[in-house]
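The structure appears below as structure tokens.
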Amino acid sequence: MTDAVATRPAAVVRARHVDGGRLLLYGCAILITLFMLTPVYLIALAAFSTPEAIFDYPHPLVPTSISLDNIRFFLTFQGILPALLRSLAVGGLTVVLSLVLGCPAGYALARYWFRGKDAAQLVLVNVRAIPMVIISIPLLVTFIEWNLNDTVVSVALVHAAITLPLTILISASVFLRVPAELEEAAMSLGTSKVGAVIRVVLPNSVPGLAAAALFAFVTSWNEVFVAVILTLRNPTLPAALVQQLSDSPIAFRFAGGLCLTVPAFVFIFFMRPYLFNAFGVGGK
Amino acid sequence: MAADQAASAAAPPRAARRPARGGAAARLRPLTPYLLMAPAMLFLAYFLFWPAIGAFGVAFQTAAGQWTFANFQALVRDTDFGLAVRNTFLLLAIIIPLEFAVALAMAVLAQSRLRGRGFFLYVWSFPLAISDLAAGLVWLSIFTSHGYLNSALQDVHVIQHPIGFLDYDNVPGLILAVVLAETWRSISLVMVVIMSGIQSIPTELGEAAAILGASAWKRFTTVTLPLLKPTLQVGLMLRTTTAFQVFAVVLALTGSGLPVLATKTASWAYGARNYQMAAAYAVLLLMLSSLATLAYLTFLRTPREVFQR
Amino acid sequence: MAEIQIERITKRYPGTVALDDVSLTVHDQEFMVLLGPSGCGKTTLLRLIAGFEQPDEGAILIDGRDVTDVPPGKRGLAMVFQSYALFPHLRVFDNIAFGLRMHHVSRADTERRVREAAELMQIGGMLDRYPTQLSGGQRQRVAVARALVMEPAVILMDEPLSNLDALLRMQMRAELKRLLHEARTTTVYVTHDQIEALSMGDRTAVMRHGRILQVDTPMMVYDRPGHVFVAQFIGTPPMNVLRGRMGEREVEVEGHVLPLGIQDGIKPGDDVVVGVRAENIAVTRERDGAGAGAVPAEVGVVEPLGSHLLLTLAVGGQWLKVATRADFDVKPSDRVWLRPEQGALRLLGRPDEG
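Protein chains in written order, with our numbering: chain A, 1342 to 1625; chain B, 71 to 379; chain C, 10 to 363.
If you want it as structure tokens, here you go:
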């Protein structure tokens, strides 16, 4: 006995109705988004307003006049452009050091099992618990002794140390995604182990390593405390801003804030797939 | 048959039969992972661990090198010491619960099937890449006496004259500004941590609970939250440690109006060049963070049986 | 009465139609099996009945009540998941008690009912343990206990036995069938295993590509498949499917004529596909022993399966399998004679009905 498909009246088409619960969820999501975006909008507003408008009160919340004067003033202020260049140099050096030291270690974690591996991973994850505050003083003393004080190199060394654990963990997960069989196939075709790594693993790891590099760069770019402690006459951009903080006109600070913020958008856009990995937690 | 047996009897034991390839290289092979890890670990040891230990040394010595408690005695008698400790703990006590509650909501929202999830997630992740200094400056434009908050309030006629949120002696105002700026800056990180925790909870558990009659809220409290405990533990340890070090946000918003432990450390090192005092503050900071971490480890433990495989 | 009516359900996902105008009635206390290969829509249909997803078109009625907009917890259902979905942070007792507590059952009643359910599933001694401390089979029992303790009108099961090893699976099959029959619960059971479907269900709905091809008792689905796919999906080995041409009262396959009744929608002269089961074909070495109407075939492969031989044979350009006694003396390339048992040949339809 089979069920015949009875000729029933036309099927009920269901409207995708939005009930109260979903409305509440959307409302919360929008509120939070406003909370996140509004300050950025406002500082852009402040940075781009004319110097006179800064002192307008109450501020209009919609731009009435756009001016690049503040930005220009900020960038040409004495010491800012050199500080910016120094930040770039420190960032670049940090990335190089971080990758050169970190990739081999990441490879070791990805491909080998060895005694102490679990301990090493535990250490790497927990290193960020060491306060920057506590290491900067002795390092300052050390760098003074070495005559490296107040240099780009000294800051870069510390930044490299700060970003190294994350670089190692990210590169490890990147290398894990390149199957070991590829290396073995290359070696069976005649290359050495090192050759296999260079010809097979590295080309396939470029996106992930680029993400690690980007992350290291931005961490270094944003880092404030160590930079402040370790520099005096040769500050990085954040350190220079801190130095000027109390004396500078308010427009200056707004422009500086904006300049520090802009890279964030670009960074997050490229880092999205690696975000979970980057913060040492598992998941997608 | 007999010939085979004789042959195998004559063959040397298996281990010795294979000649080692390439002498020295072969001997080094089991060392490879250690060799690969060594440069990085040594670098870390030198630039992170050693200085951390060194800070203790500096804190417990005089400038001349004698072991002493004098620095810590001077510490507690320092003018702003009490204020710095109080402010640091006050900020912590407000920021941490606030952040975790909102981040939990954000993580749940990001997991639900709302349209525009991708956009929300992108925007909500911005602050991950914003330095704390920039965050402080951003909120400065809002809280300064001729800033946007006062402008908005005055526009809608809630106030007649600007409120001095950031006035030197307006401690509640200063705290409010720092709390908002710090929360805004670091909530993304907490959200990411919680999200990864939520994603490791199988969706079927929620469905099973739903079919057994649990409402959305009940599902959250009886299934999601308990299973999030390990993640929350990790997140709290991480965030508390970094919260103790809050520095640039305070500096940008309050100048020296709201002393905290990190700004005291910096001013002793940078301003007064008194490295002993600075190190003493740093050591105190580390001790407090460690105590907090220990507390989390103790009170947020999950019984082993729940997660063993 | 816990009758389930699925009325013209359509469910679409981006790029695919998971369920296409599907209708089905599950009678009160019936054990209905949704059977099909992965991707056929059986799990989607189950999840729609459960309430985890909403259909794009159509309605679902339980007990005459339209539950399409009713949330999962309020449909009077219980469910056993493929992965069991036990709460890892709760002990077995609290897992089973979960639903009762959500419905505010008194503490005394909860205690009593949980213990009874545990005894029924023979896990009474494990109430204090955590799920991670149990074996797969024990966890499965907890999952079933958690569902049964709710005394539901309808129970849904999503491949509950697929994670068990073969021996355990056989034991649980019989036990589940007995339990559900005694509990008088309407059951909807999803599986891709046709042996489970045939052994457990009162009726089976065979599904493919989002449609139900046939709903019938196990014997009817096995013996009288209405569709080529059903014929080949049910039974081990699959039913032989042969192409031929329909006559007035017979069918011609590879030049040989076999008696076969005609059906609606087929006219003499049409190309058709017919089916016959491997065990319903007699095979002999001599033509005389085969009787009239025997078909010659050449042996391709001989597979000894212990209790019988499975022969793969060529008839003209087509292949079929025949099961015969284990001591039949035959080897590849031998010529043999086949004769389908009377009435065993089935008309399955036209060749183009995918």
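Note that beta-carbon positions come from the ideal geometry of N, C-alpha and C, so glycine has one too.
Cβ separation of residue i and residue j, assumed to be a contact under 8 Å, to the nearest whole Å
{"i": "V153 (chain C)", "j": "M41 (chain C)", "result": "The Cβ separation is near 18 Å, so there is no contact."}
{"i": "A278 (chain B)", "j": "F90 (chain C)", "result": "6 Å"}
{"i": "G50 (chain C)", "j": "L28 (chain C)", "result": "5 Å"}
{"i": "A162 (chain C)", "j": "T195 (chain C)", "result": "6 Å"}
{"i": "L173 (chain C)", "j": "G284 (chain C)", "result": "That pair is no contact at about 32 Å."}
{"i": "D37 (chain C)", "j": "R17 (chain C)", "result": "Their Cβ separation, rounded to whole angstroms, is 21 Å, which puts D37 (chain C) and R17 (chain C) out of contact at 8 Å."}
{"i": "T77 (chain C)", "j": "P64 (chain C)", "result": "7 Å"}
Residue i in three-state terms, based on DSSP
{"i": "R1469 (chain A)", "result": "helix"}
{"i": "P268 (chain C)", "result": "strand"}
{"i": "E263 (chain C)", "result": "coil"}
{"i": "D78 (chain C)", "result": "coil"}
{"i": "S32 (chain C)", "result": "strand"}
{"i": "T273 (chain B)", "result": "helix"}
{"i": "Q131 (chain B)", "result": "strand"}
{"i": "M159 (chain C)", "result": "coil"}
{"i": "N249 (chain C)", "result": "strand"}
{"i": "F1376 (chain A)", "result": "helix"}
{"i": "Q14 (chain C)", "result": "strand"}
{"i": "R1363 (chain A)", "result": "helix"}
{"i": "E1486 (chain A)", "result": "helix"}
{"i": "Y351 (chain B)", "result": "helix"}
{"i": "V151 (chain C)", "result": "helix"}
{"i": "V1499 (chain A)", "result": "helix"}
{"i": "K20 (chain C)", "result": "strand"}
Paired residues, beta bridge with residue i - DSSP
{"i": "W328 (chain C)", "result": "C:A323"}
{"i": "H236 (chain C)", "result": "Its beta-bridge partners do not exist; DSSP assigns none."}
{"i": "D273 (chain C)", "result": "None, per the DSSP bridge assignment."}
{"i": "D225 (chain C)", "result": "C:T213"}
{"i": "H231 (chain B)", "result": "Paired residue(s): none; H231 (chain B) is not in a bridge."}
{"i": "H190 (chain C)", "result": "According to DSSP, H190 (chain C) bridges with nothing at all."}
{"i": "V1603 (chain A)", "result": "Looking at the DSSP assignment, V1603 (chain A) forms no beta bridge with any residue, so it has no partner."}
{"i": "G358 (chain C)", "result": "C:V282"}
{"i": "V320 (chain B)", "result": "Partner(s): none; V320 (chain B) has no beta bridge."}
{"i": "W338 (chain B)", "result": "DSSP, once it has assigned bridges, lists no residue as partnering W338 (chain B)."}
Reference residue i, options the options, closest by Cα
{"i": "Q136 (chain B)", "options": "B:L367, B:Q346 and B:S360", "result": "B:Q346"}
{"i": "T253 (chain B)", "options": "B:L162, B:A144, B:H216 and B:Y218", "result": "B:L162"}
{"i": "E23 (chain B)", "options": "B:L198, B:L250 and B:F317", "result": "Given a span of 71 to 379 for chain B in the structure shown, any question on residue 23 (chain B) remains unanswerable."}
{"i": "M1612 (chain A)", "options": "B:M111, B:A199, B:A140 and B:L179", "result": "B:A199"}
{"i": "Y104 (chain B)", "options": "A:L1416, A:G1457 and A:T1374", "result": "A:G1457"}
{"i": "T273 (chain B)", "options": "C:L356, C:R193, C:E205 and C:F96", "result": "C:F96"}
{"i": "V304 (chain B)", "options": "B:A362, B:N220, B:A280 and B:A286", "result": "B:A362"}
{"i": "F1566 (chain A)", "options": "A:L1481, A:I1421 and A:F1414", "result": "A:L1481"}
{"i": "Q351 (chain C)", "options": "C:A323, C:Q327, C:K186 and C:P268", "result": "C:P268"}
{"i": "I204 (chain C)", "options": "C:D297, C:A11 and C:G45", "result": "C:G45"}
Separation of residue j from residue i, as counted between CA atoms
{"i": "P341 (chain C)", "j": "L320 (chain C)", "result": "9 Å"}
{"i": "M107 (chain B)", "j": "F117 (chain B)", "result": "16 Å"}
{"i": "M357 (chain B)", "j": "Y351 (chain B)", "result": "10 Å"}
{"i": "A1605 (chain A)", "j": "A205 (chain B)", "result": "11 Å"}
{"i": "L176 (chain C)", "j": "Q131 (chain C)", "result": "17 Å"}
{"i": "S211 (chain B)", "j": "S270 (chain B)", "result": "40 Å"}
{"i": "H98 (chain C)", "j": "S1546 (chain A)", "result": "38 Å"}
{"i": "V1437 (chain A)", "j": "V1515 (chain A)", "result": "18 Å"}
{"i": "V1296 (chain A)", "j": "L308 (chain B)", "result": "The first residue shown for chain A is 1342 and the last is 1625, placing residue 1296 (chain A) beyond what the model contains."}
{"i": "V128 (chain B)", "j": "R1574 (chain A)", "result": "25 Å"}
{"i": "L207 (chain C)", "j": "D72 (chain C)", "result": "26 Å"}
{"i": "V228 (chain B)", "j": "G217 (chain B)", "result": "15 Å"}
{"i": "Y93 (chain C)", "j": "F242 (chain C)", "result": "27 Å"}
{"i": "F139 (chain B)", "j": "V146 (chain B)", "result": "11 Å"}
{"i": "R254 (chain C)", "j": "R233 (chain C)", "result": "20 Å"}
{"i": "G1361 (chain A)", "j": "F1608 (chain A)", "result": "36 Å"}
{"i": "I264 (chain B)", "j": "I257 (chain B)", "result": "11 Å"}
{"i": "S171 (chain C)", "j": "T200 (chain C)", "result": "8 Å"}
{"i": "T333 (chain B)", "j": "L1364 (chain A)", "result": "44 Å"}
Closer than 7 Å: residue i CB and nearest the ligand ZN heavy atom
{"i": "I264 (chain B)", "result": "Ligands displayed in this structure: none; no statement on the ligand ZN is therefore possible."}
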